[in-house]
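Our numbering puts the first residue of the sequence shown at 12, with every later residue one more than the last.
Written below as structure tokens is the structure these notes are about.
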Amino acid sequence: MSTNQKKKRKQTKSKRPARTKAVREFTAGGMVFRRVGASDIDILMIQDRLGRWTIPKGHVEEGESLEQTAVREIGEETGLTKLSIKDKLDKIHFFYRKEGKLIYMTTHVFLIEALGDTDTLIPEDSEGIVDAKWFDRAEALKLIEYKDTERLFNMGLEKLGLA
Numbered sequence: 012m013s014t015n016q017k018k019k020r021k022q023t024k025s026k027r028p029a030r031t032k033a034v035r036e037f038t039a040g041g042m043v044f045r046r047v048g049a050s051d052i053d054i055l056m057i058q059d060r061l062g063r064w065t066i067p068k069g070h071v072e073e074g075e076s077l078e079q080t081a082v083r084e085i086g087e088e089t090g091l092t093k094l095s096i097k098d099k100l101d102k103i104h105f106f107y108r109k110e111g112k113l114i115y116m117t118t119h120v121f122l123i124e125a126l127g128d129t130d131t132l133i134p135e136d137s138e139g140i141v142d143a144k145w146f147d148r149a150e151a152l153k154l155i156e157y158k159d160t161e162r163l164f165n166m167g168l169e170k171l172g173l174a
């Protein structure tokens, strides 16, 4: 290859768009359940300001473990205070845009049992939570709009022996 060809190659501009570097963010939350009778459960879901039903979750704060984040965020978003982590289910990865920045989010999801007074739910409006409700298993699975969340719900049901 001649020197001219090498120079020509170096000067050719790529047709691919420049890669945008994503900002990493970490959240934690849970598939929260309460026992109903001896052999069934209800599943807690929150409705966001876009009308989608999903799991309670939020950003990890400095010095906080993933488990601490999950419990704190569930408490903030729903008012539940007596929570027992039973197992870690998995994590979800996704991209989204916020204020012109590309965000790469990793959400760690735990299987969490709500204890005590589970009837009183207080959706946290300042967190963008429109509603919080308990649903039976079948209804909760129908309301899920994200495949990853459905997969995690099924994992949770399997761990509880209800799949």
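All C-beta atoms, glycine included, are put in the ideal place defined by N, C-alpha and C.
When the options are compared against residue i, the one with the closest alpha-carbon
i, options, result
"A149", "E138, D136, A143, N165", "N165"
"L152", "L168, G139, E73", "L168"
"T38", "I52, V82, M56, V47", "V82"
"D130", "G48, L122, A143, A49", "A143"
"E175", "E161, L61, K93", "The structure shown does not extend to residue 175, since the chain spans only 12 to 174, so no value can be given for it."
"T92", "V47, K32, D59, V43", "V43"
"G48", "W64, D147, D59", "D147"
"A69", "T31, I96, G86", "For the sequence presented, residue 69 should be read as Gly rather than Ala. Closest by alpha carbon: G86."
"I155", "E84, I123, P67", "P67"
"I123", "Q79, Y157, D59", "Q79"
"T31", "S95, Y107, R45", "Y107"
"S76", "L55, I54, R63, K99", "K99"
"V141", "Y157, S50, D59", "D59"
Integer Cβ distance of residue i from residue j, believed to fall under 8 Å
i, j, result
"G90", "L132", "6 Å"
"I57", "P134", "7 Å"
Contact set for residue i: own chain, Cβ-Cβ below 7 Å, skip 5 residues either direction
i, result
"K18", "Since pLDDT at K18 reaches only 49, below the 50 mark, its modelled position is unreliable, and the value read off the structure follows with that caveat. Contacts found: none."
"R46", "I52"
"V120", "G40, G41, M42, I66, L100, D101, K102, I103, L163"
Exposed unless 16 or more other CB atoms sit within 10 angstroms - verdict on residue i
i, result
"E72", "exposed"
"L173", "exposed"
"A125", "buried"
"E88", "buried"
"V34", "exposed"
"E110", "exposed"
"L94", "buried"
Residues sharing a beta bridge with residue i, DSSP
i, result
"G69", "A39"
"M56", "K144"
"F44", "I54, E124"
"K102", "H119"
"L168", "The partner list for L168 (beta bridge, DSSP) is empty, contrary to what the question assumes."
Cut-off 6 Å between Cβ atoms - residues of its own chain near residue i, not counting five sequence neighbours on either side
i, result
"I103", "T118, D159"
"M116", "E36, F105"
Cβ shell of residue i (< 8 Å), same chain only, five flanking positions each side left out
i, result
"K170", "K97, D98, L100, L122"
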